[in-house]
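Using my numbering, read the sequence shown as starting at 3 and increasing by one per residue.
Note that beta-carbon positions come from the ideal geometry of N, C-alpha and C, so glycine has one too.
In this text the structure is predicted, and so the values were computed from the model without any measurement.
Presented below is the structure to which this report refers.
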Amino acid sequence: MKEEFLEVYSTVGTKTGQKKSKSEIHRKGLFHSTVHVWIFTEEGNILIQKRSKKKELNPGIWDVSVAGHIKFNENIKKAAKRETLEETGININTKDLLKIGVYRSINIHPTAIDKEFFHTYILKIDKNSIDLDYKNNEVDDLKFISIEEMESLIKEENNKIFIGKNRKYYSDVLKSIKFDNYQ
Numbered sequence: 003m004k005e006e007f008l009e010v011y012s013t014v015g016t017k018t019g020q021k022k023s024k025s026e027i028h029r030k031g032l033f034h035s036t037v038h039v040w041i042f043t044e045e046g047n048i049l050i051q052k053r054s055k056k057k058e059l060n061p062g063i064w065d066v067s068v069a070g071h072i073k074f075n076e077n078i079k080k081a082a083k084r085e086t087l088e089e090t091g092i093n094i095n096t097k098d099l100l101k102i103g104v105y106r107s108i109n110i111h112p113t114a115i116d117k118e119f120f121h122t123y124i125l126k127i128d129k130n131s132i133d134l135d136y137k138n139n140e141v142d143d144l145k146f147i148s149i150e151e152m153e154s155l156i157k158e159e160n161n162k163i164f165i166g167k168n169r170k171y172y173s174d175v176l177k178s179i180k181f182d183n184y185q
């Protein structure tokens, strides 16, 4: 697989202009940017993905609808579009993305130090526009869960099935989805 190159960010989230391989960034624990797209339906269901068991970080865990690295010199919304197509098979219009914020995250894994600024968007779709049987080398499964079910999973202290460490982040996502859904 071809090595991805990312931009190194400062500890406060500004671009440094330094281009490094993703593997070097994770090995050295350098800050970088990712994009998260939370996909939801008018009915109040949220699309989550089960990360492939082959993934280096958090294999087999249920996670955000779409998450991926922003490549060096890549436009953030174009990264969101690319990652959404790669991980769900949905070709989105970037004008439909609603940005809710940028979040700083530090996670130490046995094989990597992951320091990220994730640019977070929500996206409302028609539930019929997604093929829940879509799978690839990054995604083992897709499913919809209710907002209530997601809130319950996030509250569980020793949750082993969902990446739910940053409660403020998930709370912001859910508030934004609920607000957008009742507009």
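Do you know how far the Cα of S178 is from the Cα of Q185? Residue mapping note: residue 185 aligns to position 183 of the sequence shown, counting from 1. Residue mapping note: residue 178 aligns to position 176 of the sequence shown, counting from 1. Residue confidence for Q185 is low, a pLDDT of 47 falling below 50, so the modelled location carries little weight and cannot support an answer.
What residue range does the alpha helix (DSSP H) around E151 cover? Your numbering for residue 151 matches position 149 in the sequence shown. Where E151 is concerned, the enclosing alpha helix (DSSP H) stretches over I149 to K157.
Sort I92, V66 and K24 by Cα distance to K128 and report the nearest one. Position 126 of the sequence shown holds residue 128. Reading off the sequence, residue 128 comes out as Asp, not Lys. Among I92, V66 and K24, the Cα nearest to that of D128 is on I92.
So, at 8 angstroms on beta carbons, what are the nonlocal neighbours of I48 in its own chain, with the 5 sequence-adjacent residues on each side left out? Here residue 48 corresponds to residue number 46 of the sequence shown, with the count starting at 1. These residues qualify, in order along the chain: W40, I41, F42, S67, F146, I147, S148, I149, M152 and I179.
How long is the line joining the alpha carbons of G62 and K170, rounded to whole angstroms? Sequence index remark: in the sequence shown, residue 62 carries index 60 (1-based). Sequence index remark: in the sequence shown, residue 170 carries index 168 (1-based). One C-alpha to the other measures close to 23 angstroms.
So H34 and E6 are supposed to be a Cβ contact under 8 angstroms. How far apart are they, rounded? As a first step, residue 34 is located in the sequence shown; it is residue number 32 there, counting from the start. As a first step, residue 6 is located in the sequence shown; it is residue number 4 there, counting from the start. Rounded, the Cβ-Cβ distance is 10 angstroms, inconsistent with contact.
What's the C-alpha gap between E44 and D142? Taking the first residue of the sequence shown as 1, we reach residue 44 at position 42. Taking the first residue of the sequence shown as 1, we reach residue 142 at position 140. Between E44 and D142, the C-alpha separation is close to 25 angstroms.
Please identify the residue among K52, L176, I132 and E89 whose C-alpha is closest to the C-alpha of V37. The sequence position of residue 37 within the sequence shown is 35, counting from 1. Checking every option, the nearest Cα to that of V37 belongs to E89.
Does the distance from the C-beta atom of L59 to that of D98 stay below 8 angstroms? In the sequence shown, residue 59 corresponds to position 57, counting from 1. In the sequence shown, residue 98 corresponds to position 96, counting from 1. Going by C-beta atoms, L59 is not nearer than 8 angstroms to D98.
Beta-carbon within less than 8 angstroms of Y136's beta-carbon, same chain only, minus the 5 sequence neighbours each way: which residues are those? Numbered from its first residue, the sequence shown carries residue 136 at position 134. So the list reads T90, G91 and L144, once near-sequence residues are dropped.
If you run the structure through DSSP and keep just helix, strand and coil, what is I78? By one-based count along the sequence shown, residue 78 stands at place 76. Note: I78 maps to helix in three-state DSSP.
Select from W64, T86 and I102 the residue whose C-alpha is nearest the C-alpha of D174. Locating residue 174 in the sequence shown gives position 172, counting from the first residue. Among W64, T86 and I102, the Cα nearest to that of D174 belongs to I102.
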